[in-house]
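**Q** Read left to right, the sequence shown gives residues 45 to 430 (my numbering).
The beta-carbon is built from N, C-alpha and C at its ideal position, and this holds for glycine as well.
No experiment lies behind these values; they were computed from the predicted model shown.
Quick one: the structure is below, and I'll ask about it shortly.
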Amino acid sequence: MIEPITRRKFLGRCGRSLAACASSALFPLCTVSRPARAAAIEKGYIGRKLSPYFTQLNDQIVRCTLCPHGCEVGPGERGLCEVRENIDGQYYSLVYANPCAVHIDPIEKKPFYHVLPASRAFSIATAGCNFDCKFCQNWEISQVRPDDTYNYRLSPDQVISSALEYKSQAIASTYVEPVIFIEYMLEIGRLAKSRPLLKVMHSNGFINAKPLEDLCEVLDAACIDLKGFTEDFYQTMAEGSLGPVLNTLRSLKSRSVHTEIVNLVVPGKNDDPKQVRAMCQWIYKELGPDTPLHFSRFYPRYRLKSIPPTPVSTLEKARQMAMDEGLHFVYVGNVPEHPGGHTYCPNCRKILIRRIGYRVKLLGLNAGKCQSCGCAIAGIWQSPTS
Ligand code: SF4
Numbered sequence: 045m046i047e048p049i050t051r052r053k054f055l056g057r058c059g060r061s062l063a064a065c066a067s068s069a070l071f072p073l074c075t076v077s078r079p080a081r082a083a084a085i086e087k088g089y090i091g092r093k094l095s096p097y098f099t100q101l102n103d104q105i106v107r108c109t110l111c112p113h114g115c116e117v118g119p120g121e122r123g124l125c126e127v128r129e130n131i132d133g134q135y136y137s138l139v140y141a142n143p144c145a146v147h148i149d150p151i152e153k154k155p156f157y158h159v160l161p162a163s164r165a166f167s168i169a170t171a172g173c174n175f176d177c178k179f180c181q182n183w184e185i186s187q188v189r190p191d192d193t194y195n196y197r198l199s200p201d202q203v204i205s206s207a208l209e210y211k212s213q214a215i216a217s218t219y220v221e222p223v224i225f226i227e228y229m230l231e232i233g234r235l236a237k238s239r240p241l242l243k244v245m246h247s248n249g250f251i252n253a254k255p256l257e258d259l260c261e262v263l264d265a266a267c268i269d270l271k272g273f274t275e276d277f278y279q280t281m282a283e284g285s286l287g288p289v290l291n292t293l294r295s296l297k298s299r300s301v302h303t304e305i306v307n308l309v310v311p312g313k314n315d316d317p318k319q320v321r322a323m324c325q326w327i328y329k330e331l332g333p334d335t336p337l338h339f340s341r342f343y344p345r346y347r348l349k350s351i352p353p354t355p356v357s358t359l360e361k362a363r364q365m366a367m368d369e370g371l372h373f374v375y376v377g378n379v380p381e382h383p384g385g386h387t388y389c390p391n392c393r394k395i396l397i398r399r400i401g402y403r404v405k406l407l408g409l410n411a412g413k414c415q416s417c418g419c420a421i422a423g424i425w426q427s428p429t430s
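Structure follows, in structure tokens:
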């Protein structure tokens with residue numbers, strides 16, 4: 045179980061950074077470790093790094109090759125995600141080592157349910173995103189430029205030492221779309237390779253093949269949002285597209301990166317049972333029955349404030365449908381104390397991991413196997429050793 049961070053502890057740990065954090069709506073309750081605390085925090089601090097993901101076109105115009113948007117960007121301009129800039133015909137990331145959010149979270153918050161249960165994830169995010177989801181839960185940092193957030197100077201080395209100091213078992217790139225700060229993720233991953241830390245991310249999966257290949261070299265686990273199962277949903281609700289996300293899921297599977305999928309069920313938008321069934325059939329066929337799938341409850345947010353929360357019965361029906369299609373690990377998310385939040389053995393149906401909110405208890409799992417029937421359970425159950 046994760047020890048909750050009390051306000052007293054929080055105040056003690058955050059020191060001078062707290063004033064900057066608390067004074068900005070962009071910094072919800074944050075926990076930062078000593079190296080992070082020692083790092084300066086500054087509004088609009090930009091961490092510049094030449095990107096390996098661009099090609100030069102004519103007249104100093106560049107094309108970004110990081111994600112399928114393929115932005116063509118003139119001198120002095122930025123791509124759609126607002127965190128990459130053409131400076132004299134070279135393309136730079138502006139979000140290298142300048143996170144605006146640094147938290148220690150339960151790993152279940154990502155949500156990973158099959159990765160080191162009840163462990164801590166040192167979680168980071170910079171400003172920016174390559175999608176514009178109408179239901180974004182973190183729009184205060186995802187839909188702004190790094191110029192507008194309060195950013196730490198936090199080198200990859202400091203991220204690793206902070207994670208270890210605070211007894212985290214994983215470094216998580218999360219909250220916004222981490223693909224947009226890939227250079228930071230890659231360097232953290234390379235430096236942390238021999239450390240007892242998993243490298244994980246929660247992503248929309250909207251990334252091109254080559255950068256994904258690079259990422260897979262350093263990534264242990266990915267939680268991918270499969271936001272809906274039609275191109276129309278992706279275009280109208282997220283300004284993205286479905287095809288590249290499916291390609292990412294196939295690639296992660298082929299490279300043996302542990303993958304979990306989150307589907308936020310938005311009433312009237314992506315809850316058509318036919319679509320849900322088609323999505324479950326695709327996951328079963330392409331990724332296999334052991335892929336954990338989380339049906340997550342929508343709450344009114346950002347530009348979808350008029351839509352009510354997802355009825356719990358809708359999530360339960362989706363879960364049943366997914367299990368009927370053969371998926372072994374299907375969860376109801378964002379509904380505290382729901383029995384659909386536990387992990388059950390797909391063979392004997394005993395509860396293996398019980399979750400009440402973020403209180404997690406291993407009941408019947410031993411070294412990745414069901415204690416009752418010996419069935420092997422897909423996931424990462426052991427920390428990497430240094
Ligand atoms: S990463 Fe940003 S700049 Fe690059 S193609 Fe995607 S949206 Fe455009």
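For A362, count neighbouring C-beta atoms within 10 Å of its own C-beta (all shown protein chains included) and say buried if the count is 16 or more, exposed if not.
**A** buried
**Q** Could you tell me the alpha carbon to alpha carbon distance between L160 and D103, rounded to whole angstroms?
**A** 50 Å
**Q** Compute every distance between the C-beta of R128 and the non-hydrogen atoms of the ligand SF4, then say whether any falls below 7 Å.
**A** yes
**Q** Among the residues of its own chain, which have a CB less than 7 Å from the CB of L70, if the five just before and after it don't count?
**A** With a pLDDT of 30 at L70, under the threshold of 50, the predicted position of this residue should be treated as unreliable, though the coordinate-derived value follows. Contacts found: C144, E184, I185, T193 and Y194.
**Q** So the beta strand (DSSP E) M245 belongs to, where does it begin and stop?
**A** Boundaries of the beta strand (DSSP E) around M245: L242 to S247.
**Q** Short of 7 Å in beta carbon distance, which residues of its chain neighbour I46, apart from the five on each side in sequence? Order them along the chain.
**A** Note that I46 scores a pLDDT of 28, beneath 50, so its modelled location is shaky and nothing firm can be said.
**Q** If you measure from the CB of L110, is any heavy atom of the ligand SF4 nearer than 7 Å?
**A** yes
**Q** Can at least three beta-carbon pairs, one atom from the region 298–313 and one from the region 255–274, be found at a separation below 8 Å?
**A** Touching, yes, given that three or more Cβ pairs across the two stretches are closer than 8 Å.
**Q** Using only the heavy atoms of the ligand SF4, determine whether one of them is closer than 7 Å to the beta carbon of G423.
**A** G423 Cβ: outside cutoff for every heavy atom of the ligand SF4.
**Q** If you measure from the CB of C115, is any heavy atom of the ligand SF4 nearer than 7 Å?
**A** yes
**Q** How should Q100 be labelled, buried or exposed, when 16 other C-beta atoms within 10 angstroms of its C-beta is the threshold for buried?
**A** exposed
**Q** Is it the case that the CB of N291 approaches a heavy atom of the ligand SF4 more closely than 7 Å?
**A** no
**Q** Taking 7 Å as the cut-off, is the beta-carbon of G435 closer than that to any non-hydrogen atom of the ligand SF4?
**A** Look at the range of the chain in this structure, 45 to 430, and you will see that residue 435 is not part of it.
**Q** Using DSSP bridges, identify the partner residues of G91.
**A** V139
**Q** Taking C-beta to C-beta, are I224 and N182 nearer than 8 Å?
**A** no
**Q** Exposed or buried, which one is D264 when buried takes at least 16 other CB atoms within 10 Å?
**A** Under this definition D264 is a buried residue.
**Q** Check P428 in the structure and name its three-state DSSP category.
**A** coil
**Q** Thinking C-beta only, is L198 closer than 8 Å to V146?
**A** Using a Cβ distance threshold of 8 Å, V146 and L198 count as a contacting pair.
**Q** Between which two residues does the alpha helix (DSSP H) carrying G312 extend?
**A** Boundaries cannot be given for G312, as no alpha helix (DSSP H) includes it and DSSP labels it neither H nor E.
**Q** What are the partner residues of L36, as DSSP defines its beta bridges?
**A** In the structure displayed, the chain extends from 45 to 430; residue 36 sits before or after that span and is not available.
**Q** Closer than 7 Å to a non-hydrogen atom of the ligand SF4 - does that hold for the CB of N174?
**A** yes
**Q** Is the region 291–303 touching the region 319–331, taking contact as three or more C-beta pairs under 8 Å?
**A** yes
**Q** Mapping the DSSP letters down to three states, classify L396 as helix, strand or coil.
**A** strand
**Q** Whole angstroms is fine: what's the gap from L371's alpha carbon to R189's?
**A** 40 Å
**Q** So which of H113, L110, I105 and S340 has the shortest CA-CA distance to G120?
**A** I105
**Q** Identify, in the order they occur along the chain, each residue of the same chain with its Cβ nearer than 7 Å to the Cβ of C111, setting aside the five sequence neighbours on each side.
**A** Apart from the 5 residues on each side of it in sequence, C111 sits with its Cβ closer than 7 Å to the Cβ of N174, V223, F250, I251 and N252 in its chain, given in chain order.
**Q** In three-state terms, what does DSSP make of C125?
**A** coil
**Q** Taking 7 Å as the cut-off, does the CB of L124 come closer than this to any heavy atom belonging to the ligand SF4?
**A** yes
**Q** Cutting at 6 Å between CB atoms, please list the residues of its own chain near F373, excluding the five before and the five after it.
**A** Excluding positions up to five away in sequence, the list reads P336.
**Q** What is the rounded straight-line gap between the Cα of I395 and the Cα of C414?
**A** 9 Å
**Q** Can you tell which of F156, I148 and K178 has the C-alpha that lies nearest to the C-alpha of I351?
**A** K178
**Q** Could you tell me whether the region 280–288 touches the region 299–307, where touching means 3 or more Cβ pairs closer than 8 Å?
**A** no
**Q** Where does V223 sit, in a helix, a strand or coil, going by DSSP?
**A** helix
**Q** What residues in its chain sit with their C-beta under 6 Å from that of Q426, if we drop five residues either side in the sequence?
**A** none
**Q** Could you check whether Q213 and L242 sit closer than 8 Å to each other, using their CB atoms as the reference points?
**A** yes
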